[in-house]
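Which chain is which? The protein sequence lines are S and B, in order. Per the numbering used here, residue 849 is the first one in the first sequence, and the count goes up by one each step. Per the numbering used here, residue 849 is the first one in the second sequence, and the count goes up by one each step. Report on the following structure.
Number of protein chains: 2
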Amino acid sequence: MKTDLETSRALSVQIAEAIRDAIISGTLIVDERLPSEAELAAKFGVSRPTVREALKRLAAQNLIRTQRGASGGAFVNRITFEQAHGQQITTSTLLLSMNDVDFETACEARFALERACVPLAALRRKAAHLARMRAEIARQARPALSDEDFCASDVAFHRALVDGAGNPVLSYQLAGAIEAIEPLMNMITFTARSRERIVALHDRIADAIEGGNPEGADSALAALGDYTITLARNVMERRRRI
Amino acid sequence: MKTDLETSRALSVQIAEAIRDAIISGTLIVDERLPSEAELAAKFGVSRPTVREALKRLAAQNLIRTQRGASGGAFVNRITFEQAHGQQITTSTLLLSMNDVDFETACEARFALERACVPLAALRRKAAHLARMRAEIARQARPALSDEDFCASDVAFHRALVDGAGNPVLSYQLAGAIEAIEPLMNMITFTARSRERIVALHDRIADAIEGGNPEGADSALAALGDYTITLARNVMERRRRI
DNA sequence: ACAGCCGCAATTGTCTGACAAATGAAATCT
DNA sequence: AGATTTCATTTGTCAGACAATTGCGGCTGT
């Protein structure tokens, strides 16, 4: 029986949560220095290694950073989009690989989310986004490109497309969808896909984005989604027959 | 000068990364037991506390769970949608609060993503989703409801809407958008909003979802988005004048 | 007086050793 | 055979120590 929830969790977990709550609630502000490990140990009435474990938990979540030296210590970290991005990709990748998510479910989510960005990208993309998309398409057209590099270029293309919407919050939210699901999709479909067709669809998307044509971009992306799902179904069907 | 990147990072970080990579690459599979702390310490040539710090980092990311006792140890954790959900909300909340994201940017992202789900929800929603939406609308219509409870009900309504798409990957990806951004939006607009109007718009959405009308649901959600942005602009304008 | 250098103190990173707590399995007793 | 006890294993916590890093102040030489 675990009536006493306070004792059921490890001390280090409780301390980590206390500090995390202080950060979330704003009691501790960005770049503020936390008390030293020795002071925290005294404050919470535990030993220094216990405090350290708590701090390590927070560091793993990018909530704090530590620095050695005289004026060192633990500081509240400003979470950057970059870091949040990376965390989301890691989590999404593991989530998908560990829960044998249905391919069509993942694919549907990925294209639904990307289609939310495309109309904005058609209206706002900068020249740099378009140039990056064109460059990736050019890469993809080279027959000598390995499957891994084709996949990486595919991710880069869609990344540029999403970034073209000019909304960092959207780009962050899409990170998991694109960069975790796309490689999964490539892994399944690379045996059956036609690179020419994918490049042609990418071209259609880029043309519509360049022309500021939201509807055209949306329908081109939808066509790419349809093609991907068709490919996946064919692969699945073939595996079933074997 | 930090030419040697291997020594620049702390030992515990390197060990954590090594184990994490083993999990991501599939060398360690779900529910597999890791070697004991003493064995890991010997394997990596470090002391037990160092190994422990590495394990704590992984535990903080929900990659492993630990258990005391004879047959205890550290086990590779199956990340659940629930856990990933919670992590995403925490990260998104901190990201938004620490980077003074423009309100319109957050709002745009939130509605763009939700609009990606709504057509699917109109086609697939179960009776339970619809019932939950109706129940939350009924709650929101009660004048006695506090602002906090109205906000919570608002989140629950949109959550039910998103879940109605019947795609767990989508629901997970939307967690940050809905549950981190919505409270932020409520905090800004609650002084100026008309609950009646919001309830009416929620009703329009629920009606369209019930009638299997994707276009109607989309336009109703778009109207809610427009109203929210208008509210925010009014609030900002008023603050500027004062 | 000023610039550069050196050592010191503070702080985190790591190690050693130890004991407590939990927990499953084996041994023992009825 | 079943219930109970004991025990070995493993994580959780503690104490103390030393190494590595780094900013600061004082010292020294000119």
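All residues carry an ideal CB built from backbone N, CA and C; glycine is no exception. Quantities reported herein were computed from a predicted structural model and do not represent experimental measurements.
Using a Cβ cut-off of 9 Å, which residues of the segment 1024-1054 of chain S contact any Cβ in chain B, in chain order?
Cβ contacts with chain B: G1024, A1025 and I1029.
In chain order, what residues of the same chain have a beta carbon less than 7 Å from the beta carbon of N1015 (chain S), not counting five sequence neighbours either side?
So the qualifying residues of the chain are L968.
Output yes if chain S places a C-beta closer than 8 Å to the C-beta of G1073 (chain B); else output no.
So, not an interface residue.
4-residue-minimum alpha helix (DSSP H) runs that sit fully inside the segment 958-1036 of chain B, ordered along the chain:
Within the segment 958-1036 of chain B, the complete alpha helix (DSSP H) segments of 4 residues or longer fall at 975-988, 995-1011 and 1016-1023, listed in chain order.
Roughly how many angstroms separate the alpha carbons of A1080 (chain B) and R1088 (chain B), rounded to a whole number?
Going from the Cα of A1080 (chain B) to the Cα of R1088 (chain B) covers about 12 Å.
Below 9 Å on C-beta distance, what does S994 (chain B) contact in chain S?
Going along chain S, no residue has its Cβ under 9 Å from S994 (chain B), so there is no contact; the nearest lies around 19 Å.
Does the segment 1068-1078 of chain S come into contact with the segment 1048-1060 of chain S, if we say contact requires no fewer than three beta-carbon pairs (one atom in each stretch) closer than 8 Å?
Enough Cβ pairs lie closer than 8 Å, so yes.
Does chain S have any CB closer than 8 Å to the CB of M981 (chain B)?
For M981 (chain B), the answer is no, since every Cβ of chain S falls outside 8 Å of its Cβ.
May I ask you to list the residues that DSSP assigns as paired with F923 (chain B)?
The partner list for F923 (chain B) (beta bridge, DSSP) reads B:R881 and B:R913.
Cα-Cα separation between L944 (chain B) and I1090 (chain S), rounded to whole angstroms
The alpha-carbon atoms of L944 (chain B) and I1090 (chain S) are separated by roughly 50 Å.
Residues that E901 (chain S) contacts on chain B, provided the C-beta gap is smaller than 8 Å
Chain-order list of chain B residues neighbouring E901 (chain S): R900, E901 and K904, by C-beta distance under 8 Å.
Between the CA atoms of Q915 (chain S) and S994 (chain S) - distance to the nearest angstrom:
So the alpha carbons of these two residues sit roughly 42 Å apart.
For A907 (chain S) and R905 (chain B), I'd like the C-alpha separation in whole angstroms.
Those two C-alpha atoms are separated by around 8 Å.
Burial state of I877 (chain S) (16 or more Cβ within 10 Å):
So I877 (chain S) counts as exposed.
Return the residues of the segment 859-874 of chain B that lie within a Cβ-Cβ distance of less than 9 Å from chain S, sorted by chain order.
Of all residues in the segment 859-874 of chain B, S860, V861, A864, R868, I871, I872 and G874 have a Cβ within less than 9 Å of some Cβ in chain S.
Let me know if A902 (chain B) comes out buried or exposed under the rule of 16 or more other beta-carbons within 10 Å of its beta-carbon.
Classified as buried, A902 (chain B) has 16 or more neighbouring CB atoms from the shown chains inside 10 Å of its CB.
Considering only the beta carbon of each residue, do L1022 (chain B) and E962 (chain B) sit closer than 8 Å?
With a cutoff of 8 Å on beta-carbon distance, L1022 (chain B) and E962 (chain B) are scored as near each other.
Roughly how many angstroms lie between the CA atoms of T1039 (chain S) and D1002 (chain S), to the nearest whole one?
One C-alpha to the other measures close to 15 Å.
Should the segment 981-990 of chain B be regarded as contacting the segment 966-981 of chain S, the criterion being three or more beta carbon pairs within less than 8 Å?
Taking a cut-off of 8 Å on C-beta distances, the segment 981-990 of chain B does not touch the segment 966-981 of chain S, as fewer than three cross pairs fall below it.
Can you list, in chain order, the residues of its chain whose CB lies under 8 Å from that of F923 (chain B), leaving out five sequence neighbours each side?
Excluding sequence neighbours, F923 (chain B) sits near D879, E880, R881, L882, I912, R913, T914 and Q915.
Could you check what DSSP says for G1073 (chain B) in three-state terms: helix, strand or coil?
In the structure shown, G1073 (chain B) sits in a helix (DSSP, three-state: H, G or I).
By the 10 Å Cβ neighbour count, where 16 or more other Cβ atoms means buried, how is T875 (chain B) classified, buried or exposed?
Exposed is the label assigned to T875 (chain B), since fewer than 16 other Cβ atoms lie within 10 Å of its Cβ.
Going along chain B in order, which residues have a C-beta closer than 7 Å to the C-beta of M946 (chain S)?
Residues of chain B whose Cβ lies closer than 7 Å to the Cβ of M946 (chain S) are, in chain order, V878, R926 and I927.
Under 8 Å between C-beta atoms of A932 (chain S) and T939 (chain B):
Yes, Cβ-Cβ distance for A932 (chain S) and T939 (chain B) is below 8 Å.
Thinking C-alpha only, which one of S:R1045, S:R1043 and S:G1064 is nearest I1053 (chain S)?
Among S:R1045, S:R1043 and S:G1064, the Cα nearest to that of I1053 (chain S) belongs to S:G1064.
Please report whether the beta-carbon of N1061 (chain B) lies at a distance below 8 Å from any beta-carbon of chain S.
For N1061 (chain B), not one C-beta of chain S is nearer than 8 Å to its own C-beta.
Under 8 Å between C-beta atoms, does A932 (chain S) make it to chain B?
At a cut-off of 8 Å between C-beta atoms, A932 (chain S) counts as an interface residue with respect to chain B.
Under three-state DSSP, which class holds F1038 (chain S)?
In the structure shown, F1038 (chain S) sits in coil (DSSP, three-state: anything other than H, G, I, E or B).
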